[in-house]
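Peer 1: Protein chains in written order, with the numbering used here: chain U, 433 to 835; chain L, 433 to 835. From the three backbone atoms N, C-alpha and C, an ideal C-beta is built for every residue, glycine too.
(1) Counting only beta-carbon atoms, is residue 764 of chain U nearer than 9 angstroms to chain L?
(2) Does the Cβ of residue 550 of chain U have 16 or more other Cβ atoms within 10 Å, making it buried, or fewer, making it exposed?
(3) Pick from U/778, U/783, U/699, U/522: whose alpha carbon is nearest that of residue 761 of chain U?
(4) CB-CB under 8 angstroms to residue 415 of chain U, same chain, minus the five flanking residues each way: which ones, in chain order?
(5) Under 8 angstroms Cβ-Cβ, which residues of chain U neighbour residue 706 of chain L?
(6) Which residues in chain U have a C-beta closer than 7 angstroms to the C-beta of residue 703 of chain L? List them in chain order.
(7) What residues are listed by DSSP as bridge partners for residue 548 of chain L?
(8) Where does residue 742 of chain U fall in DSSP's three states?
(9) Kindly indicate the opening and closing residues of the beta strand (DSSP E) around residue 777 of chain L.
(10) Check each candidate in U/604, U/662, U/831 and name the one with the smallest Cα separation from residue 666 of chain L.
(11) Would you report the Cα separation of residue 764 of chain L and residue 781 of chain L, rounded to the nearest angstrom?
(12) Check whether the Cβ atoms of residue 621 of chain U and residue 671 of chain U sit closer than 9 angstroms, and answer yes or no.
(13) Using three-state DSSP, classify residue 466 of chain L as helix, strand or coil.
(14) Going straight from the alpha carbon of residue 835 of chain U to that of residue 597 of chain U, what length do you get?
(15) Would you say residue 728 of chain U and residue 684 of chain U are within 9 angstroms of each other, going by their C-beta atoms?
(16) Going by other Cβ atoms of all chains shown within 10 Å of its Cβ, with 16 needed for buried, is residue 771 of chain L buried or exposed?
(17) Compare the beta carbon distance of residue 501 of chain U and residue 471 of chain U with 9 angstroms and say whether it is the shorter of the two.
(18) Excluding sequence positions up to five away, which residues of its chain have a Cβ less than 8 angstroms from the Cβ of residue 434 of chain L?
(19) Should the stretch 607–614 of chain U be regarded as contacting the stretch 479–486 of chain U, the criterion being three or more beta carbon pairs within less than 8 angstroms?
(20) Put residue 804 of chain L into one of helix, strand or coil per three-state DSSP.
(21) Here's a check: name, in chain order, each residue in its chain whose Cβ is nearer than 7 angstroms to the Cβ of residue 840 of chain U, leaving out the five neighbours to either side.
(22) Rounding to the nearest angstrom, what Cα-Cα distance links residue 546 of chain U and residue 676 of chain U in this structure?
(23) Which residues in the same chain have their Cβ closer than 6 angstroms to the Cβ of residue 583 of chain L, if we skip the five residues on either side of it in sequence?
(24) Within this structure, are the beta carbons of residue 773 of chain U and residue 804 of chain U separated by less than 9 angstroms?
(25) By a C-beta neighbour count over all protein chains shown, 10 Å radius and 16 as the cutoff for buried, is residue 816 of chain L buried or exposed?
(26) Check each candidate in U/687, U/694, U/706 and name the one with the smallest Cα separation from residue 694 of chain L.
(27) Taking the alpha-carbon positions, what's the residue 648 of chain L to residue 654 of chain L distance?
(28) Cβ atoms of residue 589 of chain L and residue 527 of chain L: under 9 angstroms apart, would you say?
(29) CB residue 792 of chain L to CB residue 725 of chain L, shorter than 9 angstroms?
(30) Are the C-beta of residue 658 of chain U and some C-beta of chain L separated by less than 9 angstroms?
(31) How big is the Cα-Cα spacing for residue 454 of chain L and residue 565 of chain L?
(32) Can you find the residues in the same chain that come closer than 8 angstroms, C-beta to C-beta, to residue 732 of chain U, ignoring five residues on each side of it along the sequence?
(33) At a CB-CB cut-off below 7 angstroms, which residues of chain L make contact with residue 714 of chain U?
(34) Can you tell me whether DSSP reads residue 691 of chain L as helix, strand or coil?
(35) Hey, quick one: how far does the beta strand (DSSP E) through residue 476 of chain L stretch, first residue to last?
(36) Can you name, in chain order, every residue of its own chain whose Cβ lies under 7 angstroms from the Cβ of residue 716 of chain U, other than the five neighbours on each side?
Spelled out as structure tokens, the structure:
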């Protein structure tokens, strides 16, 4: 082991959540600064089920900035990674020059080792980049003693990452300035605001085709879809206000309907893109049918779906309806895996379905359409991990063998 | 046989074509008069492949109006059928009162027997109502000696039927008047205008679910989709002008791209409908991918698709590219049926595909996704059939046994 490893290593570990948009972000007005063409609103998912953990170490002994993601070293020169590193270091320098922190100038020039893991498979297609960049920025800020507004930096890593900087219900205000200084996330309500709300992630079995990525997809949409332009200019502002009101009032019907409509409209603009983009698979469509038929059966909006740039459904539902709806999902997407494997996360009671209900739904079951369900709820924003046994980097500043 | 069957029977037989919209009609501003929220433009398909034949007989001896469709007696009191009968009789009465025709007042009060058949399976989902109502109105007009503008009456049977009143390329001008008098079809170019243009109908194997019908689907869209409203108000007018120009110039690239974009936008507004409507199946999506990859391979827009309220694809392509594209369809949608059964209509030469091309497309073949292809071209409008052996009603005014 080289001698300079004996140098002091400064190390911080944090976790950050995944978020799911209920008013969708699709399209940038500035690619480099990641400034969106419309505001968006999301729900932060609980980190007990879905989170990124990041450990960052700095030391005089480190030769260069390095990063390991999910056990594999990745290219640190990735432009968006560089944006976040550069912005945090700039803020740290500014704070030191302003005399706000006692960071010595040497520390600021130290190289970083970054190690990050998700507690869920990347293949699940769960917008891991939002949690990843939020965690990176949150952790870097602590390493370099930076405080205050950080969502503007997270945004430059991945647009939706800015919303993962807060718990509960979060809006990303698009802003007006060319430099993006006013394009920031803001908490609308905390994670304790609506305790009855539950979230189910229906992880769809891997599709035959890999759909187009969101970065390049939204670029094509901005260039070719006149419906997207209209949505951004004339529809989203009203929907943001309505959604914030629905959240504040805990009005499930209003929240659910607007969530579904906005998901559908986002996918409509994808279809209006040229060439068209399809993110909804036949399984996604069957989930949509199931939800509408379920709601129609009870003449009440009890369940809502939303879909991002992939086929997985995210379901919003009040606690008391979870067991029945999960049972319905199991019935219409029969699986080989046992119940414990099929339903991950918060426990869900088993119930029996009435023949009446099954007949009212009247769909043809799709075997193995859904791999598993993650049962979760609204959760808090990024947190610092104190327990050093959970750090991903060892005392030598390199990934632990278990990482 | 009752004695009054010896009374003189007046009989006319006509045929009318199917049309496929390239600028789509979706949504009415007046349900009863069938007035659309936007103009539309269609291509009339050739009757050698797809047509409705209708025989109408009148006789003093007939006790009541009756109708037989595809061999089965149907309810004559259907409101849209009644609209067409009423309007034609009104016009006939007006002409007689104006002294324009020598029709005796007795004939005008005669009951009609209507018999109609399609030369293609209704299950193929090929907008048979457009050809059906166009044929009904065209034939009725001849029976009652009515001449001149008839598309406004056909429109009241089925909106898109007004476009089947002409051959070639036809626009349906939405009109402004509340009474719909200016909501009429008009020929943009005749059926001989673009002789190289070919049309392939890819009949998709019957889907699991029966999608929502267009009448009720468009009603829900008008009520719930803000994107549809924007499309009708701000997008279609420009597209109509562009499409008419592309047709007049025989500019295949412009025609093809606008056709695809408008099909996609129509389906986007269906997805923006609440609850959302899906007409495109996974087979439709694979056809869309195939077309875009094919065009990309040649760096030229050689093929266009359009989809109505169902999963069948209608393909536009210039004559010289037909053999290769058909072969590609056969390759990526392998079928058990022999070539003669798979390709109906205009003959298509067999060619072999280069490995290079197949690899460039790079799709996973979908077995039996497409039942068969109808190969056709642009065709003429409704025609009178002189040969009485082709009449669908016998000399007694009742369907022939073979009908």
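Peer 2: Straight from the coordinates:
(1) no
(2) buried
(3) U/783
(4) With chain U covering only 433 through 835, there is no way to say anything about residue 415 of chain U.
(5) 689, 692, 693, 696
(6) 696, 699, 700, 703
(7) L/486, L/501
(8) coil
(9) 775–777
(10) U/662
(11) 18 angstroms
(12) no
(13) coil
(14) With a pLDDT of 43 at residue 835 of chain U, under the threshold of 50, the modelled position of this residue cannot be trusted, and the question is left open.
(15) no
(16) Flag for residue 771 of chain L reads exposed.
(17) It is not a contact, given that the beta carbons lie outside the stated cut-off.
(18) Here residue 434 of chain L scores only 46 on pLDDT, less than 50, and its place in the model is too uncertain to base an answer on.
(19) no
(20) strand
(21) There is simply no residue 840 of chain U to check, as chain U begins at 433 and stops at 835 in what is shown.
(22) 36 angstroms
(23) 594, 597, 616, 617
(24) yes
(25) exposed
(26) U/706
(27) Computed Cα separation, rounded: 10 angstroms.
(28) no
(29) yes
(30) With 9 angstroms as the cut-off, residue 658 of chain U counts as an interface residue toward chain L.
(31) Roughly 20 angstroms between the two C-alpha positions.
(32) 685.
(33) 714
(34) helix
(35) 472–476
(36) When the five nearest sequence neighbours on each side are left out, the beta carbons in the same chain lying within less than 7 angstroms of the beta carbon of residue 716 of chain U are those of 636, 739, 743, 745, in order along the chain.
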